[in-house]
Amino acid sequence: MASIKCLANLNRFRLVTFDITDTLIRFSRAPAVQYAKTAAQLGVTDIDQVAMERCFKKEFMAMNRQYPNWGCNIPNFTWQQWWSTLVSNIFYCAKPDIDQHKLKELTNILVRTYRTSDCYRHIEGGRELVDRVRNAGKKVGVISNFDPSLKKVLSEVNLADKFDFILTSYEVGFSKPSKEIYDASLAISKVEAHEALHIGNMYALDYLGARNAGWSSILITPNEIDLNKAQPTHGFRNIKELLHVLDNDVIEW
């Protein structure tokens, strides 16, 4: 059950949405580490880890520039192709002479693996926070810059059934912080912007994006610079801190 104080703090809202990555779940290991580990399992062991990390960042940024939002607006180009292209580019960058057959196998394995629970772990307090909001009688949803596989990922980590809807940027055609993705969530829930609260870890995408769409928002991040940008009662270093305030203090919206 939600506490009396929690009910009061959330009273004005009919809808509460969550970001996912680094808000409720995070990678079990850094992607570059996972890529190198998977390669080693296939016998590709001579990949420099530093080069892999550099190549991952470089190629991920390049793909986002060339094919934003997982390529959702590119004709005849699927999100699976987006990830396959990224994986191939990363390995070509880190190991230009990689065997073609090994690369194809690596690509297929990694695209599949990142849709399973092996690559993710819960952030402490995340499930408790979602349950607290549900027990307060709110509609609960997800707004995430993600491809359509997010529903499967959340099912794999036993979170999918906690949400009334799961909205991805790919399916909407707009990424946070665009107002359109927040508006799409309102349309699904049949609520007004002033009745909605979004919780996430990115200042620009989550906190500011929601506020610019007319919502209230909460920022959860250990980044002191970003915390100082948020209103004093709307920024928290971790979920445990937010839970404590929900149950014991008054949040001024």
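So the sequence shown is residues 37 to 289, counted in my numbering. Positions of the beta carbon are idealized from the N, C-alpha and C atoms, including for glycine.
With contact counted as at least three CB pairs below 8 Å, one residue from each stretch, are the region 104-122 and the region 72-84 in contact? no
I need the straight-line Cα distance from His234 to Glu207, nearest angstrom please. 19 Å
Extent of the continuous beta strand (DSSP E) to which His280 belongs: Premise fails: His280 lies in the alpha helix (DSSP H), 275-284, not in any beta strand (DSSP E).
Along the chain, where does the alpha helix (DSSP H) that runs through Arg90 open and close? 85-102
Pick out the complete beta strand (DSSP E) segments inside the region 214-277, 3 residues or longer, and give them in chain order. 232-236, 252-256
Exposed or buried, which one is Ala213 when buried takes at least 16 other CB atoms within 10 Å? Here residue 213 is Pro; the residue named in the question, Ala, does not match the sequence. Per the 10 Å Cβ criterion, buried.
Buried or exposed for Thr152, please, with buried defined as at least 16 other CB atoms from any protein chain shown within 10 angstroms of its CB. exposed
Looking only at DSSP bridge pairs, what is Arg170 linked to? Per DSSP, none; premise fails for Arg170.
Going by DSSP, what residue range makes up the beta strand (DSSP E) through Thr57? Note, Thr57: premise wrong, no beta strand (DSSP E); not H, not E.
How many angstroms separate the CA atom of Asn248 from the CA atom of Ala240? 10 Å
Determine which residues share a DSSP beta bridge with Ile61 and list them. Thr57, His158
Are the CB atoms of Gly177 and Ile275 nearer to each other than 8 Å? No, these two residues do not count as a Cβ contact at 8 Å.
Taking Met88 as the reference, give the member of Met99, Val123, Ala98 with the closest Cα. Among Met99, Val123, Ala98, the Cα nearest to that of Met88 is on Val123.
Taking 6 Å as the limit between beta carbons, can you name the residues of its chain near Phe201, skipping five residues before and five after? Gly177, Ile224
Following the continuous alpha helix (DSSP H) through Asn78, name the residue where it begins and the one where it ends. Looking at the sequence provided, one finds Leu at residue 78 rather than Asn. Counted as a single uninterrupted DSSP element, the stretch harbouring Leu78 is not any alpha helix (DSSP H), since DSSP gives it neither H nor E.
Counted within 10 angstroms of its Cβ, other Cβ atoms place Asn45 as buried (16 or more) or exposed: buried
Give me the Cβ distance between Trp289 and Arg48, rounded to the nearest whole Å; I'm assuming they're in contact under 8 Å. 6 Å
Lys198 - containing beta strand (DSSP E), residue span: Careful: Lys198 lies outside any beta strand (DSSP E) and carries neither H nor E.
Minimum C-alpha distance to Glu260 - residue among Met37, Leu146, Asn237: Asn237
Sort out for me which residues DSSP pairs Leu203 with in a bridge. Ile179
To the nearest angstrom, how far is the alpha carbon of Gln267 from that of Asp197? 32 Å
How many Å lie between Gln117 and His280 at the Cα? 43 Å
Range of the contiguous alpha helix (DSSP H) that encloses Glu288: Note, Glu288: premise wrong, no alpha helix (DSSP H); not H, not E.
Since Ile61 contacts Phe182 with CB under 8 Å, what's their CB separation in whole angstroms? The pair is not a contact, with the Cβ atoms about 11 Å apart (cut-off 8 Å).
The alpha helix (DSSP H) with Ala44 in it runs from where to where? Ala44 -> alpha helix (DSSP H) spans 40-45.
Rounded to a whole number of angstroms, what is the C-alpha to C-alpha distance between Leu142 and Ser185? 19 Å
Can you give the Cα-Cα distance for Ala220 and Asp242, rounded to whole angstroms? 15 Å
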